[in-house]
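Enquirer: Numbering (the numbering used here), first residue to last: 23 to 797.
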Amino acid sequence: MKIIIKTHGTPDPNIKNRKVVEVENILKAAQFFADEHISFDIATDRENAFSTAYTAKKFDVNLIMDGEIINFRNKNIKNLDKIIAHCKLAHGQKEVRSSAKMLTEELIGLVPSRMCMEDALAIISDTISGKTGKLTAIEFEAKIKERDAAFIAHVSISDDADVERSNLAYGPELVQFILDNPVAIHILNGDMGTGKTKNVMLPVFENLCTNGSVPIYSAPRRSLAAATLSDDRHYHSCRNAQNIAPGVVGVVNSLFDGRFDELLGRSSAILIDEFELHESHITSRAVGRKGTLQERGSLVSAVYKHIKEARYVILADAMFSQFSVERLSKLTGKKIYVHRGTAEKRERDVTLCAENDNVTAALEAIYGGNKVAVFSDAPHNSDRSKFNEIYNTINAATSTLKIDGASAKEGVKDFFGRINEKVKAHEAAVISPVISSGVSLTGHFSHVHFLGHETIDPLQLAQTLMRVRDSSSTSISINSNPRKHPTSKGMLLSNELQKELPAHRLTDKELRKYEENKSAELIIERMSYENQLMSDYANASIVILQHLGFNIKRQKKSVGETLGKIEMKAGREMEKANRAAAIKSAPKLSKSEIGRINNKEVTTDADKYTIAANKISSFYRVEINKITDQLIEFDNHGKGRKLVNNHKALLTETSDQDRAEKVTHNRFVRRVAELINIEEGSYTASQAQQLYQFITSGFIEIGDRPISARSILVMLFPDVSVGKQPGALARNILAQGFGFGVKPGKRIRTDTGRERTYNIVHTDKSRAAHRYAMR
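#1: In terms of alpha-carbon separation, which member of N211, I388, F739 and Q652 lies closest to V452?
#2: Let me know if E378 comes out buried or exposed under the rule of 16 or more other beta-carbons within 10 Å of its beta-carbon.
#3: Could you round the C-beta distance between R370 and T496 to whole angstroms and report it? I think they count as a contact, below 8 angstroms.
#4: How would you call Q482, buried or exposed, if buried means at least 16 neighbouring beta carbons within 10 angstroms?
#5: I need the DSSP call for E117, collapsed to helix, strand or coil.
#6: Check whether the stretch 548-565 and the stretch 475-490 touch, using three or more Cβ-Cβ pairs below 8 angstroms as the test.
#7: Taking CB distances under 7 angstroms as the criterion, tell me whether V309 reaches chain B.
#8: May I ask you to report which of helix, strand or coil DSSP gives T632?
#9: For G272, which of helix, strand or coil comes out of DSSP?
#10: Considering Cα atoms alone, identify which of L201, I207 and K622 is closest to Y230.
#11: What residue does the beta strand (DSSP E) around D371 start on, and which one ends it?
#12: Which value, in whole angstroms, describes the spacing of the CA atoms of R68 and I412?
#13: Does the count of Cβ pairs from the stretch 678-696 and the stretch 522-534 closer than 8 angstroms reach three?
#14: Any idea what DSSP makes of D295, helix, strand or coil?
#15: Can you list, in chain order, the residues of its chain with a C-beta nearer than 7 angstroms to that of K218? Leave out the 5 residues immediately preceding and following it.
#16: Go through the stretch 580-618 residue by residue and report every complete run of the alpha helix (DSSP H) that reaches 4 residues or more, in order.
#17: I need the straight-line Cα distance from A56 to K765, nearest angstrom please.
#18: Alpha carbon to alpha carbon, what distance is there between E443 and V372?
#19: Use the C-beta contact count for H687: other C-beta atoms within 10 angstroms, 16 or more gives buried, fewer gives exposed.
#20: How about R693 and I545: are their beta carbons less than 7 angstroms apart?
#21: Counting along the chain, where does the alpha helix (DSSP H) carrying I416 start and finish?
#22: Please state the DSSP three-state secondary structure of H208.
#23: Any idea if I166 is buried or exposed, counting beta-carbon neighbours within 10 angstroms, 16 or more meaning buried?
#24: Checking 7 angstroms against the spacing of the C-beta atoms, do S733 and T779 come in under that value?
#25: Taking 8 angstroms as the cut-off, does the stretch 598-608 touch the stretch 630-644 (at least 3 CB pairs, one atom from each stretch)?
#26: How many angstroms separate the CA atom of L735 from the CA atom of I717?
#27: First and last residue of the alpha helix (DSSP H) that includes E90?
#28: Measuring alpha carbon to alpha carbon, tell me which of R797, S289 and F438 ends up nearest V461.
#29: Starting from Y714, follow the alpha helix (DSSP H) in both directions and report where the run begins and ends.
#30: My understanding is that H300 touches I292, with C-beta atoms under 8 angstroms, so please give their C-beta distance in whole angstroms.
#31: Bridge partners for P237 per DSSP, in chain order?
#32: Does the beta-carbon distance from P748 to Y714 come in below 7 angstroms?
#33: Beta-carbon within less than 7 angstroms of P204's beta-carbon, same chain only, minus the 5 sequence neighbours each way: which residues are those?
#34: Could you give the DSSP three-state label for V360: helix, strand or coil?
#35: Quick check on this structure: which residue in D657, K79 and L673 has the alpha carbon closest to the alpha carbon of S404?
#36: Can you check whether the CB of I358 is closer than 7 angstroms to the CB of L207?
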C-alpha cells in the first residue's frame, strides 16, 4: 500500500519555520504509526521540488513531481546519484548555490579514491549550469588542493621550513659532512631506494663505532634491525657485553626500556631509520607490558632525551614530515640539516581495484607463470586471521612463502638477513606489514598486489609498495574499516584514560594532570596528527602515492562470481577448519604461561590458536576439550563475546571503583535497555525516537565527566550507523549489540495517540548470549 503526502514545498531545511515542522511531523507520525508494508511518497510541484527534496531524502521517501518519480528511497542507488538528482531540481540563484555546496561536499569525499578530478569536474559541469557551475568547479579544485596539501605535509618537509638543505650525493662526501658537523640533527630525506641506509647511515654508524661515540642505531621493527646489521653489535648479541660494545643496532622498545642503560650511558650518538614509523611505534599501545600512557611516556621521554643530548643525530625517512621537523626543533633547539640526495623520482603505474579483482589479478599472474608478491595488512591475531585466509588462497595456486612475525622463529637475524635468498625458492609470497619498511625484495617478483584493510597508516602503505623495487605490475585494493579515528586531543586523552583509570578518577582534575604531563602531551599530539590521515584513509593514501610518483589507474569493480571471490571463499573455509581443529586440541595454559606467549618476540599461528582456545575456555567457562564447532561459530572471532558482555551488562551493575571503560559500557547498555524496554520485550515508535535523541545528543556521566553517547556507540558498536531513521537505529542496536530480532506488534493508546509497538524477539544468537551471560 502506498500513501502520498501532498505538499506545496518546504523551505531550505536550515530555516526551521512552521511549514518544515508540519511536513516532517506528518512523515514522522505516518512512519511511526503505520505498518511496515506501507510506503510513502511526497508529491510536489516544480516550483517547490528542490526544497521538498530535502525532506524526501531525510525520510528516505520518493518525490513525485508532475508525474515523474525521483527515487530517494532505493538504498541501492548511490548517494552521489541522489544528490545529483536533487541538484537538478534547483532553480533560482539561491537554490543553485545550495545545490553546488551539497554536490562539492559529496565529491570531496570521492576524489581521488573513487574517481579522478576530471570526472568530478565533469559531474559539476553537467549538474550546475552557467556561471555558478564554473565558479563551483574553481572552488572545488581549490578545496581539493588545500586538503591534498595537508595530506602531503605528512610525507614532506615544507619549502619554507627552518632548516638548512644540501644536495650532496648519498656517499662518502655526505658521510664526512655529517661527521664534521655534530651538535645538529641530520635528516636523510631522499626517496625510497636512493641509498640512505647503505651509503650514509651504515658508514656513519661504522665511523662512530670506531671513534668512541658508541652509536645507538634504533629501529621500529625487528625485521629492519636484522636487515641493517647481523654481527655482534645486534642487540640480541651484545646485551651482555654493554661495557665493551662499540655500538648497538636494535628495536627501540628493547634499547630504551632499561635493558641497555649501561650502553646508553656511554653513547653520544643516535641513528634512527624510518623515523616516522619509529615515532608511530613509540606512541602506540604496542609499547610496554600493557601499553599504558605511562609506559609509552617513559619510552618517548627516553628517546627524545637521547636525541637532545647526543652529539651526533642522524634520522632517515623518505617521508619525513613537517610535523616531525617542527617537533624536533622545539624539543631540542638544535640546528637541522636536510639532505635530499641527488636521485630522481621513479614513476610507477598502480591499478586501484576491488579486493576480489585484486586477488583475481594475482591468481591470473601466477597461472601465467609470473612471480607474485602479495602484501596485506589484514587482521592476523588470535581472534581472526584474514591474513591466513589470503595466504591459503595464494598457496592453493602455487608454492607460496608466508612472511609474518612467525617467519623468524628460527632467528630474526637469520631470516630477514637472508630474505631474498628465501623468497627465490618460491613462486609467490604473502607478506604482512612485518617488512613494510627497511627490507627490499629484489630480482624475483614481477607482480605486486597490496590487499589493504586500513590497519597500517597510509605512509606504511606507500612504504610497502616500494619493498619490491623492480616489479612491472602493481595493484592495490583498500577495504574500508568501520573503526572511527577521532582527531580531538581531548577525546583521545579521555579514551586512553578510560582504559586505564577507575571511573571515580575520570575527573577534570585528573585530566588536567595528564594534559600538563609533557610525555602524555607528545603521545596525544602524535595520535591526533596520525588520525588526520586515518580518518580519510583511502583519499589520503592515493594522494600520497601520487605525490611519491605513482600513477593511479582505476579498474571498474567486477560483478558476479569472480575467480578471486571463489578462491577467497575456499581460503576462508580452510582457515576456519584449521583454526577450529587447533582450538579444540590446544593445551590449557595458566595466566603466566599466556603472558609469556603474549610477550614472546615471535608468535606463531599455533601460539595464536592456543591463546584463542584459552580465551574461549575462560570466557565461556568450558574446558578446552569441550569446545564445540557450534561454540566457535557463535564466538565468531570474538563478536560473540561482545554480545555476551552486553547481556551481562543488562544483568549486573558496576561501581565507580571499576575501570572507567567497563563502567561506561555498563551504563550505556543499561540506558539503551531502559529507553527501548528490552526487559519488557517491546517498545513504541516514540521510544525509538527517544533512543535516537539520546544517541545523537545525550551523554553518560563517568566520574565528573560527561561522555557523549554517540562516541560510546562508535566504540561499542562500530558496525551500527546512526543514519536518519530512529526505528532503523533501534533495530540495528538490538541486532548487532544483543542478537535480538524485531517484529511489528499491536497498536496501543499513548499520550500522543494510538501508536505502533515493536516486539523484541529472541533468536538462537540472543538465547545463546543470554545463557552464557548467566553463567
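C-beta: ideal position from N, C-alpha, C; glycine also.
Expert: Short version:
#1: Closest option to V452, Cα to Cα, is I388.
#2: The sequence as given places Asn at residue 378; Glu does not occur at that position. So N378 ends up on the buried side.
#3: 6 angstroms
#4: buried
#5: helix
#6: yes
#7: Here there is only one protein chain, and chain B is not present.
#8: helix
#9: strand
#10: The residue asked about is misnamed: residue 230 is Leu in this sequence, not Tyr. The shortest Cα separation from L230 among L201, I207 and K622 belongs to L201.
#11: It spans R370 to L374 - the beta strand (DSSP E) in which D371 sits, taken as one unbroken run.
#12: 53 angstroms
#13: yes
#14: Three-state result, D295: strand.
#15: These residues qualify, in order along the chain: Y192, L210, G212 and A338.
#16: 585-606
#17: Confidence in A56 is poor, its pLDDT being 49 and thus under 50, which makes the residue's placement too unreliable to answer from.
#18: 27 angstroms
#19: buried
#20: no
#21: Where I416 is concerned, the enclosing alpha helix (DSSP H) starts and stops at K408 to N417.
#22: strand
#23: buried
#24: no
#25: yes
#26: 7 angstroms
#27: Per DSSP, E90 belongs to no alpha helix (DSSP H); it is in the beta strand (DSSP E), E90 to I92.
#28: F438
#29: A707 to S719 is the span of the alpha helix (DSSP H), which, as asked, contains Y714.
#30: Between I292 and H300 the Cβ distance is about 11 angstroms, and since that is not below 8 angstroms, they are no contact.
#31: Residue pairing by DSSP places P237 opposite A291 in a beta bridge.
#32: yes
#33: Only R333 and Y334 meet the Cβ criterion.
#34: strand
#35: D657
#36: As written in the sequence, residue 207 is Ile, which differs from the Leu given in the question. Yes, these two residues count as a Cβ contact at 7 angstroms.
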